[in-house]
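Q: Pasting in a structure now, in structure tokens, and then I'll have a few things to ask.
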Amino acid sequence: MNKIKSNSKTFFNWLPYLVFFFASFINFGFFGNYIFFYQEKASLFFFSSDFLIENLHQPGGFLIWVGKFFSTFYYYPLAGALILSAFLTLIVILVAKIVYILHGHNSKVISLIIGASLFYLQTDYRFLLFNIVGILLQMAFFWFILRYLHALKGWAAVILAPFLIYATGGFAWAFLLLVTLFFAFDKENKGWIRLIALWSLGILTFYISKEYLFFQSGKTLLTFPFSDHNTGAQQVLFISVAVIIAILPVISKIKFPVPEKFRISEFTGSLIMTIVLIVVFSIMGIRKFDNKTKQYFHVEDLFYQNKYNEVIAFNTSNPPTNSLTIFLNNIALCETDKLDDLLFHFVQSPDGKTLFLKWDLAGEVLNRGGYFYYTIGMINEAHRWAFENMVMKGQSPEGLKMLIKTELINGNYEVASRYINVLKKTLFYTKEAKSFEKLLFNDSAVNKDKELGEKSQNRVKNDFFSITDNPYINIEMILASDTLNRKAFEYKMAFMLLKKNLNGIARDLPEFEKLGFSRLPVHIEEAALALAVSNRDRFPDIGNLHISNDTKQRWNQYLGVLQQYGNDLKSAEPALKRRFGDTFWYYVFYR
Amino acid sequence: MLRTGIKRFIKQCEYLLILPLLLYSCGNKPVGNTAVSDLPPKLEPDYSDITIPPNIAPLNFIIKEKGTAYYVKFSSGSGTEIELTSGNGRIQIPQRKWRRMLQNSTGKNIKIDIFSKDGEGKWIKFRTITNKVASEPIDPYLYYRLLYPGYESWAELSINCRSLESFKSKSFIENSIVDQNCVNCHSFNNGKSSDFLFHMRGTMGGTYFYSEGKFKKINLKTKEMKNGAVYPRWHPSGKFVAFSSNKIIQRFHAADNKKVEVSDLESSLILYDVEKNEIMNIELANKDKFMDTYPEWSPDGKYLYFCRAVQIGENYDYKQIKYNLYRTAFNIDKRSFGDAELIFDAAQRNKSIAFPRISPDGKFLVLTLFDYGCFPIWHKEADLYSINLENFKADRLDLNSDYSDSYHSWSSNGKWLIFSSKRGDGLTARPYISYIEENGVSDKPFILPQEDPEFYQGFLKSFNIPEFSTVKIDMNPGEIRRLAKTVATQAKWSKN
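Going line by line, the protein sequences match chains A and B.
Note that this note's numbering has the first sequence beginning at 1, numbered continuously upward.
Note that this note's numbering has the second sequence beginning at 592, numbered continuously upward.
See below:
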């Protein structure tokens, strides 16, 4: 009987933690799983001692290494949710344990508030895993010292501090504060002696690091790897949570006197906490869920897998407003020869921003902009974007794959082999690395490869200097010497459509036939019909191609609607948008 | 320093993991009948048939032959010196034994016998490798810049100092300490290795001069100068530094395998008087009609050599820019220069040149010869040529490869030449060392040895501007940081 009672007590004791874990797991595993995609694609973990050494070049580098190690499992979102939820739950449990050791009472409330705050922070996809690991390590060390090294009367904390500073960098501040407050309240064992020793050693560690060991600025040595950028611009909240954790020895001393009549049993407390947790997590999950971001990452995921038709289908049923999503969608359209058919089915930016991205070393553009060049056959330029991204932001799976693909297409097999060797050191990309390896030093295998063969055939062969500041000029340069590059031509026409350059379109209409088009793309037909009207029914030269009956019919309907409104563009706009919002005709008048 | 220690510790741990394998293979020595192959064994890096310095670090390598066990025997005139076995073909030579063997073999040959055991347990002996140990040592230190062989951006840059007698390597400066500013163009004084300088760009910009254990930071750019000071060369006296002052542009090829095109739009030569802190134009007749760059002093300090091309106009064909080698006499007392004298007409060969470097004895000038322009590191055809300064005859050195072989530096005794070669993959520059015979002929070069013989396989950065030095500059991060934060002393403009 007692045993059952005891088991039941244990269960209810652990219930809030279990609920915390599962609430977090369900949220991240099934709703907020896009954070794993972003973080997994943002870096790479290599299973090599050199990679570890590379990361140990400054205090806090080890933490980055650990963070990258676990992030590599984000390849599978459910594994990511499991890891992340386990770490968050461990922090919650450790906080509760620490409070219990320090003051002998259970304090699930504090620990769960801390856990919920970290959960909230983590719902931002830019909040990198090492932040959680950093906090977890401080908690684990402090708990370990309290639990097992108490016999050393706290000297273990003093001795371990320099190692923790080296391993976790700026995160060790939390540990130092925790230990400081612990010593400050430890009057029985003359804590102040250890306190002085702790800070002397801490300052000495910093001084030696700064003067003799590391080539970092003082500020970096004190804060790295913590940064506003890597917390998703949530540094105020994150620092607040870290401070609460660091002053646990003080907070846990606070006891609110609860009148007898309001006291509840542990069982009831656990139940209430469980319900509160479910409510809090549900609210936070819903409030922080970013559907736009989730959709973007889904599109990016499909895009990286070359599932271009799925990209288009998804965006058709979930119309994007994000210019990066539309940029990728336009590439998918071009890859499937539909760019000038479906361009206006999606909201385009009249300045061309959705067609091509301008060079930017700092932002999120660098790792994506090169795909446009890859599609139109400017393989060197695609390589440059991927390479510069690697230099500025480190290696990423898609970046490395782009470097391999472009070097294989260019026949630079020795360099490709070097990148393949690097990719082989990862956990989840070895299969792809091995398939690339089979193409090494074999032009015919490269040409037979579905993707690389096509790109190799379409690649720019006549040299010129790339103009990064004006991507459109590159298209003109390609077409000046390679008039058969269909993809570049499609982009050229798309840009002219966006710019409402009817004269330019009229000039290039005969090119469609020369490039082997069996029909004119829909938007080009629309432009041709509009051109005829503006040229007083003189139809532009389209060679042996013709305008489809469907487009002619729609054009007549369009004109009919306009006439219904007395040719008043303003009053006709809602009706035209409803029926012709995805046409060049609508774009020309209303965008 | 700390990083080297940690690196070694991690590597040791790695070896502990494979210890059982090593122990297993320790008993694997050829016994009984051994088949003999006429072929030389494939080694990576290729350390066969080379001349090596008597003080070089162990030349660790991997045997790229199929086998289940390997046995390597190093022997010199005094008998077998080192025996090693391996289960995976990685051969890492104990430093102490290696050092002792080289000491015993100075001026003689060492022989390397390599055996591999096939799947059936039969041993094969490959053709013996013979390497010569030169009598002349190599300078003990190598300075180089580590960076990605990329385009225009950088995040991490460092100038490193590597001991050539061991594997110890230390960052001399990393740009993370100076707000990620670019650090470049480090240069030693050939005649006096303790004179050293490097540039730093950006917020903590300036030229950092090191002499007799002290650094000073100078802003060489004055309002009279159109462009900043770029490529430096120390006068052997240590009193002057000649710089080129260039306006450089970078462009990117859309289709060419070269990728990057670096050209000068304009360039001229300037002279910095270190003692007087004065900077001045190097006045040469009709200098406005030319682009002068890459200065180099003769070891006696009486001549300044440089590369010269016709000044380009607004519309120019970058492939038609050809630099020739010139020199001008220098009067150290008057700080004046004579007429420019053509030494090597590369344009006549439809070629261009860069990086003239004169041997310490003044007998030979080695330069990079390539198709056009002034930046050969992206030119696959770039090769090193040696010009005999007694008869000005130019010869292609034997050390060249099918890829870019360019930036080079002489050892202080003039017997060793280190240069950047992209022969490994066409992209990443690696330091290669070659012995230079009395007659200026180069021996087969070998890559800078590394403790991990597989090091170069996965290393994506380039070794940029390798420079020999006889001194180790002991600066710690704190000193660099303080120095970078100081206000640079402004150089004074002088007409002469």
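Positions of the beta carbon are idealized from the N, C-alpha and C atoms, including for glycine.
The structure displayed is predicted, hence computed values, not measured ones.
(1) Under the DSSP definition of a beta bridge, which residues are partnered with R987 of chain B?
(2) Would you call the stretch 484-502 of chain A and the stretch 886-903 of chain B touching, i.e. three or more CB-CB distances under 8 Å?
(3) Does DSSP put Y615 of chain B in a helix, a strand or coil?
(4) Around the C-beta of G560 of chain A, are 16 or more other C-beta atoms found within 10 angstroms, so that it is buried, or is it exposed?
(5) Let me check one thing: in DSSP terms, what residues is Y896 of chain B bridge-paired to?
(6) How big is the Cα-Cα spacing for F22 of chain A and M273 of chain A?
(7) Whose Cβ in chain A lies nearer than 8 Å to the Cβ of D640 of chain B?
(8) Could you give the distance in angstroms between the alpha-carbon of F946 of chain B and the alpha-carbon of A1082 of chain B?
(9) Would the beta-carbon of C752 of chain B fall within 8 Å of that of K1035 of chain B?
(10) Report the three-state DSSP secondary structure of C965 of chain B (helix, strand or coil).
(11) What residues of chain A sit near K808 of chain B, judged by a beta carbon separation below 8 Å?
(12) Considering only the alpha carbon of each residue, which of B:G670, B:P645, B:D637, B:I641 lies closest to I654 of chain B?
(13) Which class does W1084 of chain B belong to by DSSP, given the choice of helix, strand or coil?
(14) Can you give me the C-alpha to C-alpha distance between Y661 of chain B and V627 of chain B, rounded to a whole angstrom?
(15) Could you please give me the residues that DSSP links to L738 of chain B through a beta bridge?
(16) For the beta strand (DSSP E) containing T533 of chain B, list its first residue and its last residue.
(17) Assuming contact is defined by CB atoms lying nearer than 8 Å, are T72 of chain A and M284 of chain A in contact in what I supplied?
(18) Mind listing, in chain order, the continuous beta strand (DSSP E) runs of no fewer than 3 residues lying wholly within the stretch 985-1024 of chain B?
(19) Name the chain A residues whose beta carbon is nearer than 9 Å to that of W745 of chain B?
(20) Taking the continuous alpha helix (DSSP H) assigned at E526 of chain A, which residues delimit it?
(21) How would you list, in chain order, the residues of chain E whose beta-carbon sits under 8 Å from the beta-carbon of F843 of chain B?
(22) Is the beta carbon of Y419 of chain A closer than 8 Å to that of E407 of chain A?
(23) Could you list the residues in the stretch 289-320 of chain A with a C-beta less than 9 Å from some C-beta on chain B, going in chain order?
(24) Based on Cα-Cα distance, which residue from B:I750, B:A1020, B:E1070 lies nearest to A973 of chain B?
(25) Does R418 of chain A have its Cβ less than 8 Å from a Cβ in chain B?
(26) Within 8 Å of any Cβ in chain B, is that where the Cβ of S217 of chain A sits?
(27) Return the chain-ordered list of same chain residues with a C-beta closer than 6 Å to the C-beta of L15 of chain A, the five sequence neighbours on each side being excluded.
(28) In three-state DSSP terms, what is K807 of chain B?
(29) Measure the CB-CB distance between S962 of chain B and S977 of chain B and report whether it falls below 8 Å.
(30) Just checking: is the beta-carbon of Y587 of chain A within a distance shorter than 8 Å of some beta-carbon in chain B?
(31) Write down every uninterrupted run of the alpha helix (DSSP H) in the stretch 285-319 of chain A whose length is 4 residues or greater and which is fully enclosed by it, in chain order.
(32) Specify the secondary structure class of Q216 of chain A as computed by DSSP and reduced to three states.
(33) Suppose you measure from the CA of L614 of chain B to the CA of A161 of chain A; what does that come to, to the nearest Å?
(34) When Cβ atoms are compared, which residues of the stretch 762-780 of chain B fall closer than 9 Å to chain A?
(35) Consult DSSP for C773 of chain B and reduce its assignment to one of helix, strand or coil.
(36) Consult DSSP for G61 of chain A and reduce its assignment to one of helix, strand or coil.
A: Quick answer:
(1) Counting from one through the second sequence, the residue named residue 987 of chain B turns up at place 396. BP columns for R987 of chain B point to B:Y976.
(2) Put simply, the stretch 484-502 of chain A does not touch the stretch 886-903 of chain B. Fewer than three CB pairs are less than 8 Å apart.
(3) By one-based count along the second sequence, residue 615 of chain B stands at place 24. In this prediction, Y615 of chain B scores a pLDDT of 46, lower than 50, which makes its location untrustworthy; the coordinate-derived value is nonetheless stated afterwards. If DSSP states are grouped into helix, strand and coil, Y615 of chain B belongs with the helices.
(4) Position 560 of the first sequence, counted from the first residue, corresponds to residue 560 of chain A. Exposed is the call here.
(5) Translated into positions along the second sequence, residue 896 of chain B becomes position 305. Note: Y896 of chain B sits in a beta bridge opposite B:E887, B:R918.
(6) Here residue 22 of chain A is taken as the residue at index 22 of the first sequence, counted from 1. Here residue 273 of chain A is taken as the residue at index 273 of the first sequence, counted from 1. F22 of chain A and M273 of chain A: Cα-Cα distance of roughly 14 Å.
(7) Start at 1 with the first residue of the second sequence, and residue 640 of chain B comes out as number 49. Ordered by position in chain A, no residue passes the 8 Å Cβ test against D640 of chain B, which lies about 23 Å from the chain.
(8) In the second sequence, counting from the first residue as 1, residue 946 of chain B sits at position 355. In the second sequence, counting from the first residue as 1, residue 1082 of chain B sits at position 491. Distance between the alpha carbons of F946 of chain B and A1082 of chain B: 26 Å.
(9) For the purposes of this step, residue 752 of chain B is taken as residue 161 along the second sequence, with counting starting at 1. For the purposes of this step, residue 1035 of chain B is taken as residue 444 along the second sequence, with counting starting at 1. No, they are not a contact pair.
(10) Taking the second sequence and counting its residues from 1, one reaches residue 965 of chain B at position 374. Three-state DSSP puts C965 of chain B in coil, outside helix and strand.
(11) The count along the second sequence starts at 1 and reaches residue 808 of chain B at position 217. The contacting residues do not exist; K808 of chain B stays about 17 Å from chain A at best.
(12) Locating residue 654 of chain B in the second sequence gives position 63, counting from the first residue. Checking every option, the nearest Cα to that of I654 of chain B belongs to B:D637.
(13) Residue 1084 of chain B sits at position 493 when you count from the first residue of the second sequence. In this structure, W1084 of chain B counts as strand in the three-state DSSP scheme.
(14) Your numbering for residue 661 of chain B matches position 70 in the second sequence. Your numbering for residue 627 of chain B matches position 36 in the second sequence. Going from the Cα of Y661 of chain B to the Cα of V627 of chain B covers about 14 Å.
(15) As a working mapping, residue 738 of chain B is identified with position 147 in the second sequence. According to DSSP, residue pairing for L738 of chain B in a beta bridge involves B:S1053.
(16) Nothing in the structure corresponds to residue 533 of chain B, since chain B is present only between 592 and 1087.
(17) The sequence position of residue 72 of chain A within the first sequence is 72, counting from 1. The sequence position of residue 284 of chain A within the first sequence is 284, counting from 1. It is not a contact, given that the beta carbons lie outside the stated cut-off.
(18) 996-1001, 1007-1012
(19) For the purposes of this step, residue 745 of chain B is taken as the residue at position 154 of the second sequence. Those are V391, M392, listed as they occur along chain A.
(20) Sequence index remark: in the first sequence, residue 526 of chain A carries index 526 (1-based). Note, E526 of chain A: alpha helix (DSSP H), 522-534.
(21) Absent from the structure: chain E. Protein chains present are A and B.
(22) Locating residue 407 of chain A in the first sequence gives position 407, counting from the first residue. Locating residue 419 of chain A in the first sequence gives position 419, counting from the first residue. Contact: yes.
(23) none
(24) Looking up residue 973 of chain B in the second sequence gives position 382. Minimum Cα distance to A973 of chain B is reached at B:A1020.
(25) Against the first sequence, residue 418 of chain A aligns to sequence position 418. Yes, its Cβ sits closer than 8 Å to a Cβ of chain B.
(26) Taking the first residue of the first sequence as position 1, residue 217 of chain A is located at position 217. True, the Cβ-Cβ gap to chain B drops below 8 Å.
(27) Locating residue 15 of chain A in the first sequence gives position 15, where the first residue counts as 1. Contacts found: S270, T274.
(28) Numbered from 1 along the second sequence, position 216 holds the residue referred to as residue 807 of chain B. It is a strand residue.
(29) What you label residue 962 of chain B is simply residue 371 of the second sequence in a count that begins at 1. What you label residue 977 of chain B is simply residue 386 of the second sequence in a count that begins at 1. Before going further, note that residue 962 of chain B is Asp rather than Ser in the sequence given. In terms of Cβ geometry, D962 of chain B and S977 of chain B do not form a close pair [threshold 8 Å].
(30) On the first sequence, position 587 is the one that residue 587 of chain A refers to. Chain B, which has no Cβ nearer than 8 Å to the Cβ of Y587 of chain A, makes this no.
(31) 291-304, 308-317
(32) Residue 216 of chain A sits at position 216 when you count from the first residue of the first sequence. Looking at Q216 of chain A - three-state DSSP - the assignment turns out to be coil, as it is neither helix nor strand.
(33) On the second sequence, residue 614 of chain B is found 23 positions in, with the first residue counted as 1. On the first sequence, residue 161 of chain A is found 161 positions in, with the first residue counted as 1. Note that L614 of chain B has pLDDT 45, beneath the 50 cutoff, so the model's placement of it is unreliable and the number below is only indicative. The straight-line gap from Cα to Cα measures roughly 38 Å.
(34) S762, I764, E765, N766, S767, I768, V769, D770
(35) The count along the second sequence starts at 1 and reaches residue 773 of chain B at position 182. Three-state result, C773 of chain B: coil.
(36) As a working mapping, residue 61 of chain A is identified with position 61 in the first sequence. Helix.
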